[in-house]
Structure formats: C-alpha cells, structure tokens
Amino acid sequence: MPITACWKHFPHEADVGVCGMGATLAEAFEQAALALTAVITDLAVVSPKEMIRLSCAAPDTELLFVDWLNVLIYEMATRKMLFSRFEVHLEEGRLTAQVWGEALNVARHHPAVEVKGATYTALRVAQQPDGGWLAQCVVDV
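Residue numbers 79 to 219, in my numbering, belong to the letters of the sequence shown in order.
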C-alpha cells in the first residue's frame with residue numbers, strides 16, 4: 079500500500095503541534111510546512127504566485143527540521159507572505175527548497191495567529207514501521 083503524504087495538528091497547552099508525514103523525509107518536511115501555514119490560515123486561500131528559494135543546514139535531521147520551520151517563519155514575517163506549496167531537497171545535512179506563496183492580505187487570509195517559532199518540544203523526525211517518514215514539533219503561537 080503506497081504511503082500517503084499528509085499533515086495534521088496536535089494540541090499542546092497554549093501552543094500547536096505541527097506534523098508532516100510522507101513517503102520520503104523531504105515529503106514529510108513539505109507536509110509539515112503545509113501544517114505550519116494551516117496554523118495561520120486556511121491553505122485553500124493562499125495562492126502559490128511567487129517562488130522563493132530557501133536553504134538551511136544542521137548536524138542532524140531533527141535540528142534541520144526545526145531550522146526549516148524557523149526559516150519559513152522568518153521569511154513569512156519579514157516578507158509579509160504566506161506559503162502554500164513547498165519543494166524540499168535534502169542532502170547531507172543541508173536543505174534547499176523552493177516555496178511558493180503570496181503577500182499576506184489580512185482581509186482575504188484572515189490570519190488566526192502569528193507563529194513565533196518552532197520549538198524542540200515534541201520534536202521527532204523518524205522513519206515509521208511502514209517505511210514512511212514523520213516530522214513533528216510544537217510551534218509557539
């Protein structure tokens with residue numbers, strides 16, 4: 079049975095957990111990025127109009143995952159954008175990505191919260207028994 083890529087949220091006190099699952103580690107990172115945007119707004123209202131290239135590096139996959147989410151949070155804040163499409167490439171502790179999104183429009187996007195940062199709380203990046211991958215952590219809102 080093929081592994082289906084998906085994302086979900088999980089509750090954590092005053093914050094929100096984001097979780098991505100996929101057939102590959104890169105796909106799990108992409109799905110977690112979708113979950114991150116979905117904390118802020120409905121993904122269906124974010125158009126992938128503009129492409130931006132991003133990168134980060136870390137000594138292990140868990141730290142790389144937190145760095146990835148924090149790069150996205152930083153780019154959303156400084157560019158005043160939301161992202162709805164992600165293409166992640168992983169190689170030897172380095173992540174490169176193309177992300178697509180659009181300028182934040184408060185009237186159309188109705189942002190629910192501002193995500194301040196990804197944390198090490200409930201951090202887990204692991205291959206699952208079915209061969210798929212899971213990447214999760216709690217984000218501070």
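Ideal Cβ placement from N, Cα and C applies to all residues, glycine included. Bear in mind that the values here come from a model prediction, so they are computed numbers and not experimental data.
CA-to-CA distance, residue j to residue i, given in whole angstroms
| i | j | result |
| --- | --- | --- |
| residue 81 | residue 105 | 11 Å |
| residue 205 | residue 115 | 24 Å |
| residue 190 | residue 141 | 27 Å |
| residue 198 | residue 87 | 16 Å |
| residue 119 | residue 113 | 10 Å |
Cβ pair residue i, residue j closer than 8 Å
| i | j | result |
| --- | --- | --- |
| residue 200 | residue 100 | no |
| residue 47 | residue 213 | For the chain, the structure presents residues 79 to 219; residue 47 sits outside this window and is missing. |
| residue 172 | residue 133 | yes |
Endpoints, alpha helix (DSSP H) assigned at residue i
| i | result |
| --- | --- |
| residue 109 | 103–118 |
| residue 184 | 184–187 |
The ligand COA heavy atom lying under 7 Å from the CB of residue i
| i | result |
| --- | --- |
| residue 111 | Among the components modelled here there is no ligand, and therefore nothing to report on the ligand COA. |
One or two residues paired with residue i in a DSSP bridge
| i | result |
| --- | --- |
| residue 95 | 88, 216 |
| residue 206 | DSSP output for residue 206 lists no bridge partner at all. |
N-terminal and C-terminal residue of the beta strand (DSSP E) that residue i is part of
| i | result |
| --- | --- |
| residue 180 | 172–181 |
| residue 153 | Not the beta strand (DSSP E): residue 153 falls in the alpha helix (DSSP H), residues 139–157. |
Nonlocal neighbours in the same chain, by C-beta distance under 7 Å from residue i, ignoring five residues either side
| i | result |
| --- | --- |
| residue 84 | 99, 109 |
| residue 126 | 162, 163, 178, 179 |
Contact set for residue i: own chain, Cβ-Cβ below 8 Å, skip 5 residues either direction
| i | result |
| --- | --- |
| residue 89 | 95 |
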